[in-house]
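Enquirer: Quick one: this structure, given as structure tokens, is what I'll be asking you about.
In this note's numbering, the protein residues as written are 257 to 992.
Below, the structure written as structure tokens:
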């Protein structure tokens, strides 16, 4: 079929390739509904440049759980410099990402990289897309990505990644369905009613083509009807072949067809001649995913399960990818195969940073785990907890953690039970549930102190220190942090040592004691030295946050920029988002309300922050709205307060309470000013928190509710409350 109404888009992509050749790489995003011609557009463009540009192809497939980095590894396999160098993503994806970037930056020959069906991408592939999208302008490559924009929810990871990619190097093309005139042009020699054809198909190019190719004079009412009508004209052998191909997302290789069905060359030839199937090199596939789904929908459940079992057996014998094995094992309802392959696939996905997919694989295994021993079940639940934690699925992490603890208790493994209790405590904290968080770590410590000291006890002490740090229980935070540190050093446990140092430094800086920088910097150095990425991200985050808290803005900005770069290069986007949310408060303090509100809004639209993690960004956005008189501040403050209050964490509660007091002041409600500030002070009282306490007391002084000025608040607030405006202004000016 001719490519109608796409000349403008082809010309635009042509311009961008010319710019890429000149050393200014471009990312072109091609969006549109299924069947609108995204792949046809890209294929036409690449074909036109077959002689003057290198084309590299990768595609995301519609597996229930996508293969981690599948399309990225497809692209890498087409590059001899990478394929022959041994650069793989088996242990870490970072070398692969950097090798691909270096290859695309080579100026000798322009590259066209195609990533199809991004809406099906796994988490690690989305991370690669973010990584390359931010650096593409430093290459000589044109990166074309296709996706169905109507299938991306507002919180879909791909939509959020697309939202982060801005600038002149990012070009967005949206393909609309064909006009009535183009449909009439295509139908003019078919004998079909062109007006009815347009009405039924809505101008969708794939539907139009299938309708025109279907037998008879009538216009099929759906894509499915059109595809099935075409298939009905084929022999039984060809229909069976099409059914097999419909069971595999993407393309079906010739060896697999022969393994399952035996030699079928005549059926292959007929399927191609009838326009049902296409050859893609040595593989067979449908013209479009819509056609595959149409054929697949005709399969009887029992027949489909039997065929999936045959496919599974062939794939196992061939040593196929684990994700494929899990996909077909689950659809064959083969419990033994799911239990064998899903945990392996989960561990592989985790290594590659596809934690959401890893959690899905472990979840698949858990659905068939009733026959396993208690210890094996507990191990699966624990693996699921960790991956849910990494992918911000807090509710699921808590549910699986609870199951794991119960099973380890039944088995009698105290160390394992306590290890999961440590994880659960941190998940409950993320959920804003103070009491269960405290209970879990207390149980872990009680169980472990009855055993010889070990790594789990050191971590339990450190988790107890972490909880105390964020609630302003300074002495408890330092005591347990130092106990954790001593035991970790005795055991040579670098991870827990870094964790404990981070808590100690945070507790000190939280009181305004600048000596806290030293343990925090040691925590970071240790994590970087031993490649402990999550702990390095945590140390960067704490350094940025506490530097901003004590109004050391130059250090905060440096740590923020270094930390965000570190995290985003490694795909640790939750920590990156957390740092950015903290930094919105610093931007606000420094007077850049617009930038603070922009970052906060972007973060709140995304999914990198969950539950109480959203409070800093919510408080910033609410404060900007309060000061500008914009609508929506009340709702933000109510939600932020509801999230913060159950945590008993001073920084969260104090920030929200101060903003609510400020809002009351602008509204002239003096009694409420005093009341809101008092709520925050009730949580600060008895703790050393000079900046939070100072801000809250300042608002109380506005309501004439301060009898005396305490010595333990930050100097600028002390001067403001004392009405020494000149000295206060000088103090704020020195801070910057």
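By construction, the Cβ of each residue, glycine as well, lies at the ideal position given by its N, Cα and C atoms. The structure displayed is predicted, hence computed values, not measured ones.
1) Classify residue 787 as buried or exposed, calling it buried when 16 or more other Cβ atoms lie within 10 Å of its own Cβ.
2) Look at the alpha carbon of residue 1000 and the alpha carbon of residue 894, and state the distance between them as a whole number of angstroms.
3) Check residue 776 in the structure and name its three-state DSSP category.
4) If you scan the stretch 785 to 854 from start to end, which runs of the alpha helix (DSSP H) of 4 or more residues do you find wholly inside it?
5) Just checking my contact of residue 335 with residue 359 at CB under 8 Å: how many whole Å lie between their CB atoms?
6) Under a three-way DSSP split, which group does residue 976 fall into?
7) Checking the sheet assignment: what are the DSSP bridge partners for residue 226?
8) Going by Cα to Cα distance, which pick from 717, 747 and 723 is closest to residue 738?
9) At the level of alpha carbons, what is the spacing between residue 757 and residue 779?
10) Let me know if residue 444 comes out buried or exposed under the rule of 16 or more other beta-carbons within 10 Å of its beta-carbon.
11) Going by alpha carbons, who is nearest to residue 801 out of 785, 836 and 829?
12) Kindly indicate which three-state DSSP category residue 981 falls into: helix, strand or coil?
13) Measuring CA to CA, which of 552, 649 and 406 is closest to residue 484?
14) Distance, Cα to Cα, residue 813 vs residue 839?
15) Just grab the DSSP bridge partners of residue 536 for me.
16) Would you kindly work out how many angstroms separate the C-alpha atoms of residue 910 and residue 605, rounded to a whole number?
17) Any idea if residue 992 is buried or exposed, counting beta-carbon neighbours within 10 angstroms, 16 or more meaning buried?
18) Here's the rule I'm using: 16 or more other beta-carbon atoms within 10 Å means buried, otherwise exposed. How should residue 864 be labelled?
19) Here's a check: name, in chain order, each residue in its chain whose Cβ is nearer than 6 Å to the Cβ of residue 917, leaving out the five neighbours to either side.
20) What residues are listed by DSSP as bridge partners for residue 367?
21) Am I right that residue 526 and residue 491 are in contact with their C-beta atoms under 8 Å? What's the rounded C-beta distance?
22) Could you name the residues of the same chain whose beta carbon sits closer than 8 Å to that of residue 291, not counting the 5 residues immediately before and after it, in chain order?
23) Three-state secondary structure (DSSP) at residue 624?
24) At the level of alpha carbons, what is the spacing between residue 392 and residue 897?
25) For a test of the three-state rule: what should DSSP assign to residue 905, helix, strand or coil?
26) Mapping DSSP to helix, strand and coil, what is residue 315?
27) Note down, in chain order, each residue of its chain lying with its Cβ closer than 6 Å to the Cβ of residue 614, except the 5 sequence neighbours on either side.
28) Quick one: what does DSSP say residue 422 is sitting in, helix, strand or coil?
29) Would you tell me roughly how many angstroms separate the C-alpha atoms of residue 907 and residue 728, rounded to the nearest one?
30) Pop quiz: residue 402 and residue 373 are said to be a contact at Cβ under 8 Å. What is the actual Cβ separation, rounded to whole angstroms?
31) When the distance is taken between beta carbons, is residue 798 closer than 8 Å to residue 761?
32) According to DSSP, is residue 282 part of a helix, a strand, or is it coil?
33) Taking the beta carbon of residue 771 as the centre, do at least 16 other beta carbons fall within 10 Å, making it buried, or is it exposed?
34) Per DSSP, what are the beta-bridge partners of residue 509 in this structure?
35) Return yes when at least one heavy atom of the ligand FAD lies under 7 Å from the C-beta of residue 790, else no.
36) Who does residue 372 pair with in a DSSP beta bridge?
Expert: So, from the data block:
1) Answer is exposed; the Cβ neighbour count stays below 16.
2) Any answer about residue 1000 is impossible in this case: the structure gives the chain only from 257 up to 992.
3) helix
4) 789 to 805, 809 to 825 and 829 to 845
5) 5 Å
6) helix
7) Any question about residue 226 goes unanswered here, given that the chain covers just 257 to 992.
8) 717
9) 5 Å
10) Counting other Cβ atoms within 10 Å of its Cβ, residue 444 stays below 16 and is therefore classed as exposed.
11) Looking only at 785, 836 and 829, the smallest Cα-Cα distance to residue 801 is reached by 836.
12) helix
13) 552
14) 8 Å
15) 539
16) 40 Å
17) exposed
18) buried
19) 929, 932, 933 and 955
20) DSSP, once it has assigned bridges, lists 310 and 397 as partnering residue 367.
21) 6 Å
22) 460, 461, 462, 463, 479, 544 and 546
23) coil
24) 41 Å
25) DSSP places residue 905 in coil when its eight states are reduced to three.
26) In the structure shown, residue 315 sits in a strand (DSSP, three-state: E or B).
27) Answer for residue 614: 602, 605, 606 and 643, listed in chain order.
28) coil
29) Taking the straight line joining both Cα atoms gives about 9 Å.
30) 6 Å
31) yes
32) strand
33) Exposed, by the Cβ-count rule.
34) 539
35) Within the structure as shown, the ligand FAD is missing, as the structure has no ligands at all.
36) Within the DSSP bridge table, the entry for residue 372 names 315 as partners.
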